[in-house]
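First to last, the sequence lines map onto chains Y and H. The C-terminal position of the first sequence is numbered 156 in the working numbering, with every residue numbered one higher than the one before it. The C-terminal position of the second sequence is numbered 1191 in the working numbering, with every residue numbered one higher than the one before it. First comes the structure, then the notes that go with it.
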Amino acid sequence: MSKFRKKGDKELPAISTASLPDIVFMLLFFFMVSTTMREVTYMVDIKLPTATELSKLEKKSLVSYIYVGEPKLQYQKTFGMAPRIQLNDQFANVADIQDYIIAERESRSEAERNQMITSIKVDENTKMGIVTDIKQELRKSAALHINYSSRQRVDR
Amino acid sequence: MSRKTPEVPAASLADIAFMLLIFFLVTTTMDVDSGLERRLPQWVPPEQIDEDQQIKERNVFVVLVNRNNDLLVEGEYANIGNLREMAKEFMANPYNDETLPEKEPKEVAYFGEMMITKGVISLRNDMDTQYGTYIAVQNELVAAINELRNELSRQQFGKSYNELDMDQQNAVREVYPSRISEAEPKKVGGK
């Protein structure tokens, strides 16, 4: 007779999964708060240039985007390799920018219109010719506040 | 006679939550949009541009970027690493050099009478300049002005420019205005 009996064929108790939903919800809320929705699917390849004097785009609702870069592989058959402009979800020409800015402006409330920012996302290997054209169009449509989107430079 | 309602099974709650989680992981991005903030000049119709707007030679800091991404600063080849220092010296003109821009006295809040530079940085690029180089140059020029503002606000308020309140920032901005002008694109020859 011993005090320490062998515990025979007792089963291991199952781990309670009752708190699993709570953990997952916690993760869910974290991601909902800390991330933002994608605006569009990129149809162009963009590698942003680097800079140090960055300022953040505070209010997403005030920002309209212009993308410039080489078309992605699946579009190169129809659109070629030369850098193209993308507005919303389609390729566009320089002449379409004014209409785009007007449309963007119409969709904002009256009070927000003078605070609008245009964020220009351009691939760093693009030639300046197309960028200058875009800037001229923006000036014509009086969207003067712009932001050259770029990444933080890491100094080594 | 109240009967107990049967308990709702919560076993599938985790699955539902996972589904939502994965949905948000896929459709959202983490990165914060940031970039160089600039203001474009007002649009002037081409026929109204007066060509004879004269600015004294010493008041203009000319930066040219050519198609091979080389820099020409004030008529001499320059390296992008030196651009910031050169722009700072131009805008500050600490020893009132004859060749660097003039200054004019102006009353500024918090500072009293200050000598404000009349200098303008003029940036011109070629059609075939790479965008990356252009941004790097812009960045250096903006950095030069930011550094000057920071130095001044440390001297005056003992804080960096970003920590100042609105009025103080405006005052510092008045002393070192951000005057980076981009030349009107020139069309030489017709189509």
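Built from N, CA and C at the ideal position, the CB exists for glycine as well.
Reduced DSSP secondary structure (H/G/I, E/B, other) of residue i
i, result
"H/Ala1136", "helix"
"H/Arg1039", "strand"
"H/Ile1145", "helix"
"Y/Lys140", "helix"
"Y/Arg84", "strand"
"H/Asn1125", "strand"
"Y/Val94", "helix"
"Y/Glu124", "coil"
"Y/Met37", "strand"
"Y/Arg153", "coil"
"H/Met1114", "strand"
"Y/Asn147", "strand"
"H/Gln1054", "coil"
"H/Gly1017", "Looking at the sequence shown, residue 1017 of chain H is not Gly but Ala. Here H/Ala1017 sits in helix by DSSP."
"Y/Ile46", "coil"
"Y/Lys77", "helix"
"H/Val1044", "coil"
"Y/Ile134", "helix"
"H/Gly1189", "Since pLDDT at H/Gly1189 reaches only 47, below the 50 mark, its modelled position is unreliable, and the value read off the structure follows with that caveat. Note: H/Gly1189 maps to coil in three-state DSSP."
"Y/Ser61", "helix"
"Y/Met69", "For the record, residue 69 of chain Y in the displayed sequence is Gly; it is not Met. Of the three classes helix, strand and coil, the one that applies to Y/Gly69 here is strand, per DSSP."
"H/Leu1164", "coil"
"H/Val1175", "helix"
"H/Phe1090", "helix"
"H/Ser1153", "helix"
Exposed unless 16 or more other CB atoms sit within 10 angstroms - verdict on residue i
i, result
"H/Lys1159", "exposed"
"Y/Asp22", "exposed"
"Y/Ser16", "exposed"
"Y/Met128", "buried"
"H/Gly1035", "buried"
"Y/Leu12", "exposed"
"Y/Met32", "exposed"
"Y/Pro49", "buried"
"H/Leu1025", "exposed"
"H/Gly1132", "buried"
"H/Thr1206", "With chain H represented from 1001 up to 1191, any question about residue 1206 of chain H goes unanswered, as that position is not in the structure."
"H/Arg1149", "buried"
"H/Val1032", "exposed"
"Y/Ser19", "exposed"
"Y/Ala143", "buried"
Contacting residues, own chain, Cβ-Cβ under 8 Å from residue i (five flanking each side not counted)
i, result
"Y/Thr36", "Lys60"
"Y/Ser55", "Asn147"
"H/Ala1183", "Ser1122, Leu1123 and Arg1124"
"Y/Asp45", "Gly69, Glu70, Pro71, Lys72 and Asp123"
"H/Leu1100", "Arg1058, Glu1089, Phe1090, Asn1093 and Gly1119"
"H/Ala1136", "Ile1080"
"H/Thr1129", "Val1065, Asn1066, Arg1067 and Asn1069"
"Y/Val94", "Ile85, Ile130, Asp133, Ile134 and Glu137"
"H/Pro1041", "Ser1181 and Glu1182"
Beta-carbon contacts of residue i that lie in its chain and below 6 Å, excluding the five residues immediately before and after
i, result
"Y/Gln115", "Leu62"
"Y/Arg105", "Arg113"
"H/Val1060", "Val1120 and Ser1122"
Cβ-based neighbour list, residue i, same chain, cut-off 7 Å, excluding 5 preceding and 5 following
i, result
"H/Leu1152", "Val1172, Val1175 and Tyr1176"
"Y/Asp89", "Val40 and Thr41"
"H/Thr1028", "none"
"H/Val1108", "Met1114, Ala1171, Glu1174 and Val1175"
"Y/Thr149", "The amino acid occupying residue 149 of chain Y in the given sequence is Ser; Thr does not appear at that position. Excluding residues within five positions, the ones whose Cβ falls inside 7 Å are Leu48, Ser119, Ile120 and Lys121."
"Y/Met207", "The first residue shown for chain Y is 1 and the last is 156, placing residue 207 of chain Y beyond what the model contains."
"H/Ile1180", "Ile1121, Leu1123 and Leu1141"
"Y/Ala51", "Ser150 and Arg153"
"H/Thr1117", "Met1091, Asn1093, Pro1101 and Lys1103"
Residue i: CB within 7 Å of a non-hydrogen atom of the ligand ZN
i, result
"H/Asn1139", "You won't find the ligand ZN in this model; it holds no ligand whatsoever."
Given 8 Å as the limit, is there contact between the region 92-112 of chain Y and the region 71-82 of chain Y, that is, 3 or more CB pairs closer than that? no
Output, in sequence order along the chain, the residues in the region 1142-1159 of chain H whose CB is closer than 8 Å to any CB in chain Y. Val1142, Ala1143 and Asn1146
Between the region 117-134 of chain Y and the region 63-72 of chain Y, are three or more C-beta pairs nearer than 8 Å? yes
Anything in the region 38-51 of chain Y with a Cβ closer than 7 Å to a Cβ of chain H? List those residues in chain order, please. Within the region 38-51 of chain Y, the residues whose Cβ lies closer than 7 Å to any Cβ of chain H are, in chain order, Arg38, Pro49 and Ala51.
Is it the case that the region 1053-1068 of chain H contacts the region 77-91 of chain Y, given that we only count it when at least three CB pairs across the two stretches are under 8 Å? no
When Cβ atoms are compared, which residues of the region 1062-1082 of chain H fall closer than 7 Å to chain Y? Taken residue by residue, none of the region 1062-1082 of chain H has a beta-carbon sitting less than 7 Å from a beta-carbon on chain Y.
Contact set between the region 20-35 of chain Y and chain H, restricted to residues whose Cβ is under 8 Å from the partner: Leu20, Pro21, Val24, Phe25, Leu27, Leu28, Phe31, Met32, Ser34 and Thr35
Listed from N- to C-terminal order along the chain, which residues in the region 1019-1032 of chain H have their beta-carbon within a distance smaller than 7 Å of any beta-carbon of chain Y? Leu1020, Leu1021, Phe1024, Leu1025, Thr1027, Thr1028, Thr1029, Met1030 and Val1032
Give the residues from the region 136-147 of chain Y that approach chain H closer than 9 Å (Cβ to any Cβ), ordered along the chain. Gln136, Leu138, Arg139, Lys140, Ser141, Ala142, Ala143, Leu144, His145, Ile146 and Asn147
Under 8 Å, CB to CB, which of the residues in the region 74-87 of chain Y have a partner in chain H? none
Can you pull out the residues from the region 1083-1112 of chain H whose beta carbon lies closer than 7 Å to at least one beta carbon of chain Y? Of all residues in the region 1083-1112 of chain H, none is placed with a Cβ closer than 7 Å to any Cβ belonging to chain Y.
Taking beta-carbon pairs under 8 Å, can you tell me which members of the region 85-108 of chain Y lie near chain H? The residues in question: there are none.
Any residues in the region 1035-1060 of chain H with a beta carbon nearer than 9 Å to a beta carbon of chain Y? Which ones, in chain order? The residues in question are Gly1035, Leu1036, Glu1037, Arg1038, Arg1039, Leu1040, Pro1041, Gln1042, Trp1043 and Val1044.
Just by C-beta distance, which residues in the region 1124-1142 of chain H are closer than 8 Å to chain Y? The residues in question are Asn1125, Asp1126, Met1127, Asp1128, Thr1129, Gln1130, Tyr1131, Gly1132, Tyr1134, Ile1135, Ala1136, Gln1138, Asn1139 and Val1142.
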